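The working numbering puts the sequence shown at residues 761 to 878. Virtual Cβ for every residue (Gly too), placed ideally from N, Cα, C. What you are looking at is a predicted structure, and each value in this text was computed from that prediction instead of being measured.
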Amino acid sequence: TGSCERAPAHCYETPYDSYRICLGPEEKTISGRQYTTLATHLEGRPKLSTHVKMDTEGTEWAILDRLLDSPDDLDKIRTFEMEVHFSYVPEGDDQVAKRQTERERLTDRVVILERLLE
Numbered sequence: 761t762g763s764c765e766r767a768p769a770h771c772y773e774t775p776y777d778s779y780r781i782c783l784g785p786e787e788k789t790i791s792g793r794q795y796t797t798l799a800t801h802l803e804g805r806p807k808l809s810t811h812v813k814m815d816t817e818g819t820e821w822a823i824l825d826r827l828l829d830s831p832d833d834l835d836k837i838r839t840f841e842m843e844v845h846f847s848y849v850p851e852g853d854d855q856v857a858k859r860q861t862e863r864e865r866l867t868d869r870v871v872i873l874e875r876l877l878e
C-alpha cells in the first residue's frame with residue numbers, strides 16, 4: 761500500500777484483506793471444500809467499500825444472479841473484477857444450473873453478464 765505513482769504494475773493505495781474462498785448459493789461443505797455466500801462477506805460493510813475479484817467458474821453464477829437482485833449489496837461494491845468460465849458446472853453449483861442443457865446454462869450466464877452492464 762502507499763502511493764502508486766511510480767508503480768510499474770498492479771498497485772493498491774488502500775490496505776485490503778484477501779479472501780481465497782469458494783462462493784456458493786449457500787453455506788456448506790462439499791467434498792471437503794467450504795462454500796460461503798457473497799452476502800455473508802458484504803454484511804455490515806458501508807457503501808462503496810469493497811473490491812470484489814471473482815474467478816467465475818460455476819457456483820459464482822448463482823451468486824452473481826443473487827447479487828444483481830440485491831441493491832443494498834450492490835451499493836457496497838466499489839469495483840468488481842472477474843475472470844469468466846462459461847461451461848464448467850461444479851458439484852457445488854445450484855440445482856437449476858445442474859439441470860439445464862449447456863445452451864440454456866450459457867444463455868442464462870450471458871444474461872447475468874448483460875445485467876452487470878446496467
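| Query | Result |
| --- | --- |
| Counted within 10 angstroms of its Cβ, other Cβ atoms place E851 as buried (16 or more) or exposed | exposed |
| Span of the alpha helix (DSSP H) around E843 | It is not in any alpha helix (DSSP H) - E843 instead sits in the beta strand (DSSP E) that spans I837 to V844. |
| Rounded separation between T789 and Y795 - CA only | 6 angstroms |
| At least 3 beta-carbon pairs within less than 8 angstroms: the segment 797-812 vs the segment 829-836 | yes |
| Buried/exposed call for T761, threshold 16 Cβ in 10 Å | Confidence at T761 is low in this model, with a pLDDT of 47, below 50, so the placement of that residue should be treated as unreliable; the coordinate-derived value is given next. So T761 ends up on the exposed side. |
| Nearest-angstrom Cβ-Cβ length linking V849 and K858, presumed shorter than 8 angstroms | 6 angstroms |
| Straight-line gap, V812 to T839 (C-alpha atoms, nearest Å) | 6 angstroms |
| Residues near I872 by beta carbon distance below 8 angstroms, same chain, minus five either side | W821, L824, D825 and L828 |
| Coarse secondary structure for Q855, derived from DSSP in three states | helix |
| Cβ neighbours of M814 in the same chain (closer than 6 angstroms, five flanking residues each side left out) | E820 and M842 |
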